[in-house]
Amino acid sequence: MKVNLAALKILLTIVILIPTINLKVYGQDDDSFEEKEQQPIRSKTFSTGLYIGSYFPNKYTASLYDGYGFDFDGNRNIFENSWMYQKIRNQYGGGFGQPDIIAEELGVFPEDWSFSESDMPVNMRYKTSVAVGFAGRYSVDAKNAVVLNATAAIVTAAGNFTITTRPPSGSTQINNSIRTFEIRGKEQRLLMQAGYQRLLGEGESFNAFIEGGLHATLAKFDESEIQINDLRINLYESYYDPNGGYSFFTGSKPVGLGFGAFTGIGVNIRTTGKWMLQLLYNAQLENVRIGYNPKIKISQSAGLRAYYLLSKNN
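Under my numbering, the first residue of the sequence shown carries the number 1320, and numbering increases by one thereafter.
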C-alpha cells in the first residue's frame, strides 16, 4: 500500500506540473529559454478591455419610485400632492370635470372605484440589472496591479399598488374587490472604481485574486410610471388643462454623485495570446446621492472582465 500511495503522489505531481511546464515553454524562444526560466516576471503591462455582468443594487433608494414623487426642493410629497394621487384621481380619474378614464379601464362606473393612501406601494425593490463597461489594468509586476473600471447600468425599480372597486348595483357579489397593478421606475447609474488588485498563488495561467479601492456612483432619475390594465401613465409628465384650470408640474430630475469603497474576489485566467479573463464578485459600499436621506449601503455585482494586452515595458 505504501508503494501504491507513493506512486499515486508522483503521478498526481506530474499531471499538475505538465500543463505548467507547457505554458512556460510555449511563450519562450529557444535561444533565451534558460535565461528567462531563472528570472522572475517584473515587466509592467497595460491592458484594457470590457466588462459584462449582473448588478444587484441595494433597495434603499427604490422608495424614490413609490409614486409619492418629490417637490421642487426634492422633498417627498404628502399623499394629496403625490404624483399618483394627481394622476389617478385628477388627470385620469375624472377630477376637475375630466373624463374618468380609470373607470373605463376598470370596467366600472365612476362612483364604484376608490384610491386612497392605503393603496400606495409600500415595498419597492430594484430588479437585477445588466451592467456593461470599460476595464483597465496596469500591472506593476507579476502579482500587483492598479485597476480602473467604469460600468453603466439601467436600474429598474418595481412594486405594486391597489385600487378598490365596489360591486355594481344588483350584483350578487357582496365584498369589494382589491385589484393590484404594477408601478415601475428607471434610473441611470455609472459606477466608477479605482483600486488595487493582487494575484494569489504561484500559477502563471490560473490564479485567485483579491481587489479593493475607491468607488463612486453617479445616479440619475430617469422615469416613473404605472400601468392599469392597458393604460400606461407617466407619473413624471407635467400636465395642464386650460379649460378646467387643472395643472400638475414636477421638479427637475435628481442627479447625484456619491463616494464609497469596493472590495472583490475572483479568478484570473491567462491565455496563450494577449487576452486575460477574470471572473469576479464585487461588494460595493455605495452612496447613491438621490432619493430621501441618502445613506451608504451595500450593493453587489458579479461578472466577467476580458482584458487585452496593449503594451509591455520590461
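We put the beta carbon where it would ideally sit given N, CA and C, even for glycine. On a predicted model such as this, the values are computed, not experimentally measured, just so you know.
Item: Buried or exposed (CB count within 10 angstroms, at least 16 for buried), Arg1589; Value: buried
Item: Inter-residue Cα distance where the pair is Phe1567 and Tyr1559; Value: 6 Å
Item: Check whether Ile1497 and Phe1480 have beta carbons under 7 Å apart; Value: no
Item: CA-to-CA distance, Ser1543 to Leu1604, given in whole angstroms; Value: 26 Å
Item: Between the CA atoms of Thr1470 and Leu1510 - distance to the nearest angstrom; Value: 5 Å
Item: Own chain, CB closer than 6 Å to Asn1468, minus 5 neighbours either side, in chain order; Value: Ala1454 and Gln1512
Item: Alpha carbon of Asp1349 to alpha carbon of Phe1578, nearest angstrom; Value: Any answer about Asp1349 is weak, because its pLDDT of 46 lies below 50 and its placement is not dependable; what the coordinates show is given next. Distance between the alpha carbons of Asp1349 and Phe1578 is about 51 Å.
Item: 4 or more residues per run - each alpha helix (DSSP H) lying fully within the segment 1402 to 1446; Value: 1420 to 1425
Item: CB of Arg1456 within 7 Å of CB of Ser1366, strictly; Value: yes
Item: Classification of Ala1472 by the beta-carbon crowding that lies within 10 angstroms, buried from 16 upward; Value: buried
Item: As assigned by DSSP and simplified to three states, the class of Thr1590; Value: coil
Item: Other residues of its chain near Tyr1387: CB distance less than 6 Å, five sequence neighbours each side excluded; Value: Arg1395, Asn1396 and Ser1401
Item: Ser1620 and Asn1606 closer than 7 Å at C-beta; Value: no
Item: Where Asn1394 sits in the DSSP three-state scheme; Value: coil
Item: Sufficient close CB pairs (3 or more, under 8 Å) joining the segment 1369 to 1387 to the segment 1408 to 1415; Value: no
Item: Residue from Pro1486, Ala1527 and Ile1482 whose Cα sits closest to the Cα of Ser1435; Value: Ile1482
Item: Presumed contact (8 Å Cβ cut-off) between Arg1624 and Gly1368, rounded CB distance; Value: 6 Å
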